[in-house]
Amino acid sequence: MLKEVTATRYITPLREGGSLPGLVEADDFGTYVIKFRGAGQGRKTLVAEVVCGELARRLGFRTPRLVTVDLDPDLGLGEPDQQVQELLKSSGGTNLGMDFLSGALGFDPLAFPVSPEEAGRIVWFDALVNNVDRSWRNPNLLMWRGAPWLIDHGAALVFHHRWGTTDPAKAYDFRHHALGHYGPDVRAADAELRPKVTEELLRAITAEVPDAWLADEPGFGTPEEVRRAYVEFLHARVRASEAWLPTDFPSRAELAAENARRAAKTQQGRPDWLKRVPDLHGKPAAEQDWSVHLG
Ligand SMILES: Nc1ncnc2c1ncn2[C@@H]1O[C@H](COP(=O)(O)OP(=O)(O)O)[C@@H](O)[C@H]1O
Ligand SMILES: [Mg+2]
4 MLKEVTATRY
14 ITPLREGGSL
24 PGLVEADDFG
34 TYVIKFRGAG
44 QGRKTLVAEV
54 VCGELARRLG
64 FRTPRLVTVD
74 LDPDLGLGEP
84 DQQVQELLKS
94 SGGTNLGMDF
104 LSGALGFDPL
114 AFPVSPEEAG
124 RIVWFDALVN
134 NVDRSWRNPN
144 LLMWRGAPWL
154 IDHGAALVFH
164 HRWGTTDPAK
174 AYDFRHHALG
184 HYGPDVRAAD
194 AELRPKVTEE
204 LLRAITAEVP
214 DAWLADEPGF
224 GTPEEVRRAY
234 VEFLHARVRA
244 SEAWLPTDFP
254 SRAELAAENA
264 RRAAKTQQGR
274 PDWLKRVPDL
284 HGKPAAEQDW
294 SVHLG
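Written as structure tokens, this is what we have:
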């Protein structure tokens with residue numbers, strides 16, 4: 004069971020992400036990033052966060068500790084933003100919390116060093132859980148105390164959106180992975196991590212998911228049946244790693260060329276004055292050519 008805390012103060016929404024997580028204080032004096040059960044993305048996002056977050060931690064990755072946060076929607080009464088008010092109102096009861104990494108920086112895939120071993124382990128993990136949300140443009144990695152931390156696994160486990168239709172051996176689309184150009188050694192990661200993802204381990208992590216988020220899943224009788232389905236799929240997938248092991252990563256130069264092509268396409272059809280404005284369209288700011296402003 005994840006540790007249970009009760010929110011005592013709603014601090015502020017975190018506006019960087021799409022799902023509008025918030026920051027809360029809890030009765031254990033901790034500060035947590037809270038992901039709301041009532042968010043548009045639905046409770047499966049929270050299940051994916053727990054299954055992947057707990058799997059990552061047990062495999063030795065750095066990832067914030069998870070808790071469940073009991074929320075009284077009245078805590079948000081003072082929140083002026085209508086959208087946030089609605090979110091709080093629809094999220095009474097059990098929500099997901101994670102340790103707030105105070106002072107963490109967003110990961111810049113062009114600025115921070117990552118070894119091929121570490122890149123390989125992270126890419127391998129994302130391929131296993133089919134995480135489509137660790138891209139170059141949206142890395143969902145935080146730099147904290149000098150090392151990358153994994154966050155935001157809500158979009159992983161795509162198979163649970165249509166049970167029974169996804170092949171566990173399905174290849175993983177890694178072309179835009181945030182760490183693709185660090186020369187990820189996925190073979191070494193496979194040799195190290197595959198034997199660790201046992202049925203027993205998978206049973207332990209799915210046991211951490213609160214019943215409330217698994218109840219009434221169409222096609223299943225009990226939360227326990229749903230847990231078994233996660234275990235079966237992930238166990239079949241890890242055994243099929245030869246089929247999905249990503250290889251043939253694009254080089255830094257190839258990524259830069261693709262970026263340039265994209266930027267050129269965006270520039271087409273723009274009036275001259277707008278062509279001089281740096282194109283921030285989803286690209287890391289470090290890539291921008293600010294020289295246009297320097298005369
Ligand atoms: N544990 C954390 N510690 C510090 N900041 C965090 C933490 N989790 C999320 N954030 C910040 O909030 C943003 C949104 O969180 P994320 O989990 O990516 O949610 P979303 O699903 O909305 O993308 C992140 O990009 C990061 O800046
Ligand atoms: Mg995110």
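With the working numbering, letter number 100 in the sequence shown gets 103, and the count goes up by one each step, no holes. All C-beta atoms, glycine included, are put in the ideal place defined by N, C-alpha and C.
Counting only beta-carbon separations shorter than 8 Å, does residue i have a partner in chain B?
i: L5; result: The displayed structure is made up of one protein chain only, and chain B is not part of it.
Compute the distance between the beta-carbons of residue i and residue j, then report whether it is under 8 Å.
i: G25; j: I37; result: yes
i: V87; j: L23; result: yes
i: L145; j: F110; result: yes
i: P112; j: P142; result: yes
i: V234; j: L277; result: no
i: F64; j: F162; result: no
i: P76; j: G95; result: yes
i: G272; j: V189; result: no
i: F100; j: V8; result: Correcting the residue type first, residue 100 is Gly in the shown sequence and not Phe. It is a contact, given that the beta carbons lie within the stated cut-off.
i: Y175; j: P274; result: no
i: S138; j: H180; result: yes
i: T34; j: F128; result: no
i: P67; j: I154; result: yes
In the DSSP assignment, what residue or residues form a beta bridge with residue i?
i: V36; result: L26, M101
i: G96; result: L74
i: V50; result: According to DSSP, which records beta bridges pairwise, V50 is partnered with nothing at all.
i: A10; result: A29
i: W147; result: A150
i: P16; result: G25
i: H180; result: S138
i: G79; result: DSSP lists no partner for G79.
i: L69; result: M101
i: G109; result: L145
Does ligand 2 have even one heavy atom less than 7 Å from the beta-carbon of residue i?
i: D155; result: yes
i: N141; result: yes
Return yes when at least one heavy atom of ligand 1 lies under 7 Å from the C-beta of residue i, else no.
i: P109; result: In the sequence as presented, Pro is not what sits at residue 109; that position holds Gly. Correct: G109 has its Cβ closer than 7 Å to ligand 1.
i: G149; result: no
i: G21; result: yes
i: M146; result: no
i: D214; result: no
i: V36; result: yes
i: P187; result: no
i: P24; result: yes
i: F128; result: no
i: D193; result: no
i: L104; result: yes
i: P67; result: yes
i: L90; result: no
i: M101; result: yes
i: L74; result: no
i: L17; result: yes
Considering residue i, what are the terminal residues of the beta strand (DSSP E) in which it resides?
i: R151; result: Checking the displayed sequence, the identity of residue 151 turns out to be Pro instead of Arg. That run of the beta strand (DSSP E) goes 150 to 153.
Hey, residue i and residue j are a contact pair by Cβ (cut 8 Å); roughly how many whole angstroms apart?
i: A243; j: A172; result: 4 Å
i: V135; j: V72; result: No, V135 and V72 are not in contact; Cβ-Cβ is about 26 Å, not under 8 Å.
Taking residue i as part of the alpha helix (DSSP H), name the residues at either end of that continuous run.
i: L248; result: Premise fails: L248 is in no alpha helix (DSSP H) and is neither H nor E.
i: P119; result: 119 to 131
i: R190; result: 189 to 196
i: D2; result: Outside the shown range of the chain (4 to 298) lies residue 2, about which nothing can therefore be said.
i: E202; result: 202 to 209
What do you reckon, is the C-beta of residue i under 7 Å from a heavy atom of ligand 3?
i: L196; result: Only ligand 1 and ligand 2 can be found as ligands here, which leaves ligand 3 out of the picture.
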